[in-house]
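Residues in the sequence shown are numbered consecutively from 3, following my numbering.
Single-structure report; data block below.
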Amino acid sequence: MMFWTNLLESILQTALSPVTAAFAIAAIGLNVHFGFTGLMNMGQAGFMLVGGYGFVISVMSGLGLVPALIISILASMLFALVLGIPTLKLRGDYLAIVTIGAAEILRMVARLANLTPITGGPSGIQSPNFREEFNALSFLPEGRTTFLGMTYSNVGVDDWWSRIVAWVLVALFILITWLLMRSPWGRVLKGIREDEDAMRSLGKNTFSYKMQALMIGGVMGGFGGIIMALPASINPDGMGRPTTFNLWMIMLLGGAATILGPLLGAILFFVLRLIITSFASEFVPATVLNSQQTEQLSWVLIGVMLMLLVIFRPQGILGNKKELSFNV
């Protein structure tokens, strides 16, 4: 009985974690890129890194929270511009190769030992160095609060304030995406996804629309990087290829070209990993599977489940087969 109680508490904690929210936000941005526009962006982690470091370095330079957010947004937009101008005429695998290469270049630059005074190098930057102004905005009293069986500090490193801000941003970006995709602009994006040549024949500047979508989704990715950094630290290796692949898993699991798909996918992704590792730790002897092997097993099983999902329900849990026409 204790196992099941602890498991339910852990599931709730994982579902409401700021890291889950960060991945949901970045996946919403990726959904704008691929799900609604058909851009095969395999470098969303690069936008997270640019946005996150833009915010962290600006705060540590003493610019203040609001200027730091503006710089983070501008940095994400600039990266989208630099990345998009030479590449948005590419399609499918070619665009994927370029975007993942660009994200890896950014990661390796952030890891440079020569930039350690600025980026922290391979070790990154710990959140206490840039959280003070964020904590100062909290309207919560000092102390600890228990809610739904979860007890955290109201303000601190692992706190309720971070969770409130993170999930408010998730709700905000879901609303923005819903409004955009119901607008004429959003319908043009879907048209580009399904048949770019047809949209071009109607007089639409498809390059401009794709650039706008890349910027908007990139800014969302940048905010995902900020939220991911707040609980503990920002680290270049924490925003590498595996992060992008996980974002794709989250988007496909919940359903590409859906509004709530990235949210559902992010929660299920982290909860499924937790359930697999918890059951393996509880019922499989340590002589058979140690903790490291259990972690590896969770990735294997999630990969198998994703393969089965793509084979038998390619539109994802919330997706619609009518939304699966991509001009890539």
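Note that beta-carbon positions come from the ideal geometry of N, C-alpha and C, so glycine has one too.
Residue 225 vs residue 53 beta-carbon contact at 8 Å | Here residue 225 is taken as the residue at index 223 of the sequence shown, counted from 1. Here residue 53 is taken as the residue at index 51 of the sequence shown, counted from 1. Yes. Within cutoff.
Using 8 Å as the Cβ pair cut-off and three pairs as the minimum, do the stretch 235 to 252 and the stretch 119 to 129 touch?
-> yes
According to the neighbour-count rule (16 or more other Cβ atoms, all chains shown, within 10 Å of its Cβ), is residue 87 buried or exposed?
-> Indexing the sequence shown from 1 puts residue 87 at position 85. Result: exposed.
Run through DSSP, which three-state label would residue 146 get?
-> Counting from 1 along the sequence shown, the entry for residue 146 is found at position 144. Three-state result, residue 146: strand.
How many Å lie between residue 330 and residue 190 at the Cα?
-> Locating residue 330 in the sequence shown gives position 328, counting from the first residue. Locating residue 190 in the sequence shown gives position 188, counting from the first residue. Unreliable positioning characterises residue 330 in this predicted model, as indicated by a pLDDT of 48, which lies under 50. The coordinate reading is nonetheless provided below. Each residue's alpha carbon lies about 16 Å from the other.
Does the count of Cβ pairs from the stretch 274 to 287 and the stretch 88 to 99 closer than 8 Å reach three?
-> no
To the nearest angstrom, how far is it from the Cα of residue 159 to the Cα of residue 289?
-> Here residue 159 refers to the residue found at position 157 when the sequence shown is read from its first residue. Here residue 289 refers to the residue found at position 287 when the sequence shown is read from its first residue. If I take the Cα positions, the gap works out to 36 Å.
Measuring CB to CB, does residue 32 end up less than 8 Å from residue 249?
-> Against the sequence shown, residue 32 aligns to sequence position 30. Against the sequence shown, residue 249 aligns to sequence position 247. Yes, the pair counts as a contact, with Cβ atoms nearer than the cut-off.
N- and C-terminal bounds of the alpha helix (DSSP H) containing residue 279 = Here the question's residue 279 lines up with position 277 in the sequence shown. It spans 263 to 285 - the alpha helix (DSSP H) in which residue 279 sits, taken as one unbroken run.
Tell me which same chain residues have a C-beta within less than 7 Å of the C-beta of residue 30, skipping the five on either side of it?
-> For the purposes of this step, residue 30 is taken as residue 28 along the sequence shown, with counting starting at 1. Same-chain partners within the cutoff: 175, 176, 179, 222, 264.
Among 272, 73, 308, the one whose alpha carbon lies nearest that of residue 20 | Against the sequence shown, residue 20 aligns to sequence position 18. Ranking 272, 73, 308 by Cα distance to residue 20 puts 272 first.
What number of angstroms, rounded off, separates the C-alpha of residue 183 from the C-alpha of residue 260?
-> If you number the sequence shown from 1, residue 183 lands on position 181. If you number the sequence shown from 1, residue 260 lands on position 258. Each residue's alpha carbon lies about 10 Å from the other.
With a CB to CB cut of under 6 Å and the five nearest residues on each side skipped, what residues in its chain are close to residue 312?
-> Residue mapping note: residue 312 aligns to position 310 of the sequence shown, counting from 1. So the list is empty, once near-sequence residues are dropped.
Helix, strand or coil at residue 330 [DSSP, three-state] | For the purposes of this step, residue 330 is identified with residue 328 of the sequence shown, where counting begins at 1. Legend: pLDDT at residue 330 = 48, less than 50; position of this residue unreliable, no value from coordinates given.
Rounded C-beta distance between residue 98 and residue 42? I'm assuming under 8 Å.
-> Along the sequence shown, one-based indexing puts residue 98 at 96. Along the sequence shown, one-based indexing puts residue 42 at 40. Cβ-Cβ separation between residue 98 and residue 42: approximately 4 Å, consistent with a contact (criterion under 8 Å).
Nonlocal neighbours in the same chain, by C-beta distance under 8 Å from residue 208, ignoring five residues either side | In the sequence shown, counting from the first residue as 1, residue 208 sits at position 206. Only 194, 198, 201, 202 meet the Cβ criterion.
Over what stretch of residues does the alpha helix (DSSP H) that includes residue 152 continue unbroken?
-> Against the sequence shown, residue 152 aligns to sequence position 150. For residue 152, there is no enclosing alpha helix (DSSP H); the residue is part of the beta strand (DSSP E) that begins and ends at 152 to 155.
Name the residue from 23, 8, 38 whose alpha carbon lies nearest to the alpha carbon of residue 196.
-> Here residue 196 refers to the residue found at position 194 of the sequence shown. Among 23, 8, 38, the Cα nearest to that of residue 196 belongs to 38.
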